[in-house]
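Just below is one structure, and these are the notes that go with it.
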Amino acid sequence: MTDQKVLDEMKELIEKINRFNYHYYTLDNPIVSDKEYDDTYYRLVDLEEKYGVILPGSPTQRVGDVVLKNFKKHKHEIRLYSLSKVRDFQDLEKWVSDMRSFDPSTDFALEYKYDGLQLVLEYENGRFKRATTRGDGNIGEDVSMQVKTISSVPLTIDYKGKLIVQGEGMMTKSALKEYNKKAEIKLKNARNGVAGAIRNLDPKETAKRKLDFFCYSILFCERKFKTQLEMHQFLLENKFNVGNFFEICKNAGQIEDLILEVGKEKQHLDIDIDGMVIKVNNVSPREEIGWTNKFPKWAMAFKFEAEEISTMLKDVVWQVGRSGKVSPTAILEPVELAGATISRATLNNIEDIRKKEVCLNSRVFVRRSNEVIPEVLGLAEKYSDSKPIEEPKICPCCGSTLIKKGPLLFCKNHDGCKEQIVSRLTHFVSRKAFDIEGVSEKTIIQLYDDLNLRHFSDFYKLTKEQLVSLEKFQDKKAENVIKSLEKSKRIDLSRFIYGIGISEVGEKTAKDLAKTFRSLNNLKDATLEEIDSIEDIGEVIAQNIYDFLREDDNIKEIKRLFDVGVVVEEESKQKSNKLAGLTFVLTGTLENYSRDDMTKLIEENGGKTASSVSKKTNFVLAGTNAGSKLDKAKALGIEIISEKDVLNMIKN
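Following the working numbering, the numbering of the sequence shown begins with 639 at its first residue and continues without gaps.
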């Protein structure tokens, strides 16, 4: 007899999951993160397994959810299944072992787990016949007209027999960015973008989002296949887009290594993936391995650690940056996400707050991807005591009246606002700027309060005796700071430009300026048009650079830096154009060069380097322990080269 408390909990979990599903699938407006959904779902799974009870209407017993009434219904010829998920490598190893008990010789196919909208495509006599959403696994929505707008969906194929394939409708990150540039109502994310497009009754609107279709499964074909690899090759031969990742692994160790590699690199992909799919490669044992009423037992999904979650927004604080920009930061109910406890997240500006409809005491979605600062994505739920976030009128630090430029707020008290000054000084000493070791933001606040440090040049007037007088500053630490200050006086032009803190000028823009003008004097004499003509520097940033170098306070401070002994080394001239027009991606550990040195060598000879592999990449320079960039290069047919090859290109 099952305890009533357990039954009540199961009923509550079912109600929750059904509510989540309604918002996610029918309204296209999720109210919880994937992690929270999975936690709720697996709690129900665990209770059902433990007590052997499955209540009527349990979402563990069906696939997908309800069909929208706006579309014509279509019954799937082949029933669709979901994928079971493993929660860690230990579970994965157990599953691999179980599969080997059916077929000791089998290997395993590994593919991306796409995070889009699942679609089924039907072909007869080599022609596209129909496209259907997954729906509840038995009945879906006929979205043929919408899917025909997707360029990567072939309308004719070489194979003339009956064919039913399964895949994922996707909106790439680049397509999302392009769409949002022109759209009056911006899309929150790519997944909402594809779901809204496919479910739009006007195919012209679907076409505007420039969707893609990634095909990964053959549900029915009159031709027989021995392996998943054969199916993959068949799809390629018939011009289906199968993505750029497909690997055959011999054992669990190889699977785990690739999962870890993809996990590190997934943020650089142009598509959203939320895990990896592992399938028994051999087809013959699949029938014996079998299915549950929801999952094929011969396939498994490994989900990556969640990067998105919902939590309560408790407060908003406004902080002053080095340029005087006053930006909002969300104070959150602390929550665990991607290996860290998140209690603060960025909100960008007041217009961003209004667009996302977030308010105080509301539940919001938060995303954190690897080391990227957490960001509030939007509203999950609002409550009766939720309150709007007010736009400040005065600086939260110095009390000056704020001015507004577009959606941004600024404090113009450049020389008297402590937060601005401390932020500028902290940026100046950072590793990518003047790289002054032993000087943290906390130390700078001490220097500001106790030694009246206000300008960049004031650092170079510090003495060891002054530093020792500060709290927790011992002789050795003071001595090291003085040595680091002395060393920092000789600096590359790009790091100098970055360090002086021109608004919106990051490391790349600083390098582009140094490469173009080669000396500080040339940059100071440059016209606005000359700065604006540099690739990737827009009108606003060009104006920031031009104005900064003509403001009296900045001119005086640059002169003071020279007076205390700072020497800016001119950018070396380009040695040759032998690599002009070529783009290289570096991956792995190089044998004779550091990555920075090789990058410099390529750029000195007219070439460019990029951080990720794309169709525009000419060569991938691969060292030892090269990761998924190498796999992607192979999939795209990009030439793989060595250090020696680069040197030969320059020599010849």
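The C-beta atom is built at its ideal place from N, Cα and C for all residues, glycine as well.
A buried status is given to Q756, since no fewer than 16 other beta-carbon atoms sit within 10 Å of its beta-carbon.
Here DSSP, grouped into helix, strand and coil, assigns S1061 to helix. Proximity to E1013 across P966, P1030 and Q1104 peaks at P966, based on C-alpha coordinates.
Inside the region 912-936, DSSP marks whole alpha helix (DSSP H) runs of 4 or more residues at positions 924-927, from first to last along the chain. Going by beta carbons, G1137 and F1186 fall outside the 9 Å limit. Nearest neighbour of S696 by Cα position, chosen from V954, N931 and S855, turns out to be N931. Fewer than three pairs of CB atoms, one per stretch, sit closer than 8 Å, so the region 828-839 makes no contact with the region 880-893.
M809 carries a coil assignment under DSSP once its states are collapsed to helix, strand and coil. Within the same chain, and ignoring the five residues on either side of I991 in sequence, the residues whose Cβ sits closer than 6 Å to its Cβ are L985 and I1027. Fully enclosed beta strand (DSSP E) runs of no fewer than 3 residues occupy 1128-1130 of the region 1119-1152, in order along the chain. Under the three-state reduction of DSSP output, V954 falls in the strand class. For N1215, the closest of E1277, I1288 and I1279 by C-alpha to C-alpha distance is I1288.
With a 10 Å radius around the Cβ and a threshold of 16 neighbouring Cβ atoms, D1201 comes out exposed.
According to DSSP, F884 shares a beta bridge with E749. In its chain, beyond the 5 residues on either side, K935 have a beta carbon closer than 7 Å to the beta carbon of G928.
A check of alpha carbon separations from C853 across S1157, K877 and I716 identifies K877 as the nearest. Excluding sequence positions up to five before and after M869, its CB lies within less than 6 Å of the CB of I856 and F863, all in the same chain and listed in chain order. DSSP assignment within the region 740-805 yields the following whole beta strand (DSSP E) runs of 3 residues or more, N-terminal first: 746-752, 755-762, 765-771 and 777-779.
Contact annotation: C887 and L748 have beta-carbon atoms nearer than 9 Å. Looking at the DSSP output, K1110 bridges to nothing.
A944 sits in coil when the DSSP states are folded into three classes, being neither helix nor strand. Look at E971 here: in three-state DSSP terms it is strand. For the region 838-868, the continuous beta strand (DSSP E) assignments of 3+ residues that do not extend past its boundaries occur at 850-859, in sequence order.
The way I'd put it, the region 756-775 does touch the region 800-808; three or more beta-carbon pairs between them come closer than 8 Å. Segment contact: the region 1138-1146 against the region 1062-1082, three or more CB-CB distances shorter than 8 Å; contact assigned.
With contacts defined by Cβ atoms closer than 9 Å, R1156 and V1204 do not form a contacting pair. When C-beta atoms of the region 1215-1229 are compared with those of the region 1183-1197, fewer than three pairs fall below 8 Å, so the two segments do not count as touching.
In this structure, S1000 is the residue among M938, E943, S1000 and V973 with its C-alpha nearest to the C-alpha of V954. Here the C-alpha atom of L998 lies approximately 27 Å from the C-alpha atom of N818. Cβ-Cβ distances below 8 Å link V781 to F709, L757, A769, T770, T771, I836 and R837 in the same chain, with the five nearest sequence neighbours on each side left out; the list follows chain order.
A direct Cα-Cα distance of roughly 10 Å separates I916 from L721. R861 and L1274 have their C-alpha atoms roughly 28 Å apart.
Going by DSSP, T1101 is part of no alpha helix (DSSP H) at all; its letter is neither H nor E. Beta-carbon to beta-carbon, K1050 and S1061 are separated by about 15 Å, too far to satisfy the 8 Å threshold.
Per DSSP, the unbroken alpha helix (DSSP H) holding F1200 starts and ends at D1190 to D1201. With a cutoff of 9 Å on beta-carbon distance, A968 and V1004 are scored as near each other.
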